[in-house]
Amino acid sequence: MSAIKEITAEQLNPQEFIKEKAEEISRVVGSGMAINALSGGVDSSAVTMLGHKALGERLKTYFIDNGIMREGEPQQIASIFKKLGVNVEIVNAQDEFFSALKGIVDPEEKREAITQTFYKKVFGKLVRENQSKFLLQGTILTDVDETVAGIKRQHNVFEQLGIDPQQAFGYKIIEPLVQLRKDGVRKVAEASGLPSSIYNRMPFPGPALAARVIGEVTSEKIAIVRKATIIVEEELVSTKAFQYLAILHQDRVTGMRQGKRDFGMQIEIRCWDSIDARQARPTRLGFDALDKLASRITSEVPGVVSVTYNISTKPPSTMEAI
Ligand code: XMP
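Shown next as structure tokens:
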């Protein structure tokens, strides 16, 4: 495993970085084809722009609709990129992901199921169809650090774990952002012409809403956490916090509705102040904001009778729940 040389946001010259990385991608891919998966996060968006600069039409960009993204996300992201001249094909892979997640409750096993479905099943097929040998992806240094430290297996880290993607999945992975952290990637994204809705986008985990369902992930549970997420994002956008999210708990609690017992679901809200996600504190939200969140979630999300707010720091908490 060779050490990765970090480029800090202060050291980074984004224009030079873009030029160098585009040349490198061109050199590695040669006259062949490459594919990449866009999720709309700042990392995969920056890689998409770099790849298109380097390869033009020889890079095929896909949005994998895995069924665990937020409301309307595939269409929104494809339309932002269309305006930038980048064609994004949405691939419906919902059944593959839900069947891979069926019956799994352990967090790391969920990540592994998502990883295998993405890389082996979905990308494997796309790579074969396109006769391409390369997958371009937006792994950043923090992903590598957390995975190597054994904190959380980020779904996109392989070589640093001794896994050869060529052997495991049948294609090579190119990672042009691996020397950067989030703040550096935001600079590159801005310099490559992406709108601020992308380069200032709140982080969102690779395992998407599956990282926010405790216990088995089903399409019904995803629908609930997705509804709660819309409310949390609407209500907390004005805080400008680093990240805010809703988690669906596995345990039910006794509630009451229309004078009757309702053994219902619990949603936990987290809202984090952080610089780089390595450490974080809960945002000191006012009680009126919390009140509004609780009232909207219990009235708008069917079956939820309890809403809580996380007050512990990272560490020992992590930002996501699984
Ligand atoms: P944690 O939960 O480790 O999260 O404190 C730190 C930051 O990373 C994001 N995160 C992930 N991103 N795959 C990802 O791509 C993952 O498995 C994953 N887990 C957490 C999280 O949203 C936060 O911004």
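The opening position of the sequence shown corresponds to residue 11 in the working numbering, with each subsequent residue numbered one higher.
Built from N, CA and C at the ideal position, the CB exists for glycine as well.
It should be emphasised that the depicted structure is a prediction, and the values quoted were computed from it without experimental measurement.
Count the other CB atoms, across all protein chains shown, that sit within 10 Å of the CB of residue i; report buried if there are 16 or more and exposed otherwise.
| i | result |
| --- | --- |
| D153 | buried |
| I28 | buried |
| K270 | exposed |
| K70 | buried |
| E226 | exposed |
| I285 | exposed |
| N210 | exposed |
| V115 | exposed |
| K192 | buried |
| P312 | exposed |
| R68 | buried |
| R138 | exposed |
| M266 | exposed |
| F273 | exposed |
| E185 | buried |
| V39 | buried |
| G216 | buried |
| V242 | buried |
| G61 | buried |
| V247 | exposed |
| G113 | exposed |
Between residue i and residue j, what straight-line distance do the alpha-carbon atoms span, to the nearest angstrom?
| i | j | result |
| --- | --- | --- |
| A103 | R222 | 20 Å |
| V235 | C281 | 15 Å |
| P333 | R291 | The requested residue 333 is not part of the displayed model; the chain covers only 11 to 332. |
| A159 | L171 | 10 Å |
| G51 | Q289 | 20 Å |
| E99 | M59 | 15 Å |
| Q76 | I87 | First, the residue type needs correcting, since residue 76 is Asn and not Gln in the sequence shown. Those two C-alpha atoms are separated by around 14 Å. |
| E244 | E26 | 37 Å |
| E119 | N166 | 15 Å |
| Y254 | E230 | 22 Å |
| M11 | S309 | Note that M11 scores a pLDDT of 49, beneath 50, so its modelled location is shaky and nothing firm can be said. |
| A199 | Q268 | 50 Å |
| S202 | A287 | 24 Å |
| L22 | I124 | 33 Å |
| A19 | A56 | 15 Å |
| T328 | V96 | 35 Å |
| I173 | T127 | 16 Å |
| I279 | V317 | 7 Å |
| I370 | K197 | For residue 370 there is no data in the structure shown, the boundaries of the chain being 11 and 332. |
Among residues of its own chain, excluding the 5 on either side of residue i, which ones have a beta-carbon nearer than 7 Å to its beta-carbon?
| i | result |
| --- | --- |
| G134 | F179, G180 |
| Q189 | I14, K15, E16, I17, L151 |
| E156 | K162, Q164 |
| T293 | T249, A251, C281, W282, D283 |
| K143 | G42, Y181, K182 |
Who are the Cβ neighbours of residue i in its own chain at under 6 Å, not counting the five residues just before and after it?
| i | result |
| --- | --- |
| I74 | A47, V101, A103, V132 |
| K63 | A32 |
| I78 | A218, L219, A220, I232 |
| K237 | V311 |
| S322 | none |
Please go through the same chain and pick out, in chain order, the residues whose beta-carbon is closer than 8 Å to the beta-carbon of residue i, but skip the five residues on each side of it.
| i | result |
| --- | --- |
| P175 | Y129, L145, F168, E169, Y181, K182, I183 |
| F297 | none |
| S54 | N46, A47, L48, Q147, G148 |
| R37 | none |
| I224 | I257, L258, H259, Q260, A331, I332 |
| V314 | I234, A238, G274, M275, Q276, I277, I307, T308 |
| K92 | V98 |
Checklist entry - Would the segment 80 to 87 and the segment 106 to 119 be scored as touching if the rule is three or more Cβ pairs under 8 Å? => result No contact exists between the segment 80 to 87 and the segment 106 to 119.
Next on the checklist: Across the segment 256 to 263 and the segment 286 to 302, are there enough close Cβ pairs to call them in contact, namely three or more that are closer than 8 Å?
Outcome noted: No, the segment 256 to 263 does not touch the segment 286 to 302.
Next on the checklist: Using a Cβ distance threshold of 8 Å, determine whether the segment 204 to 221 contacts the segment 22 to 38, with at least three qualifying pairs required.
Outcome noted: No, they do not touch.
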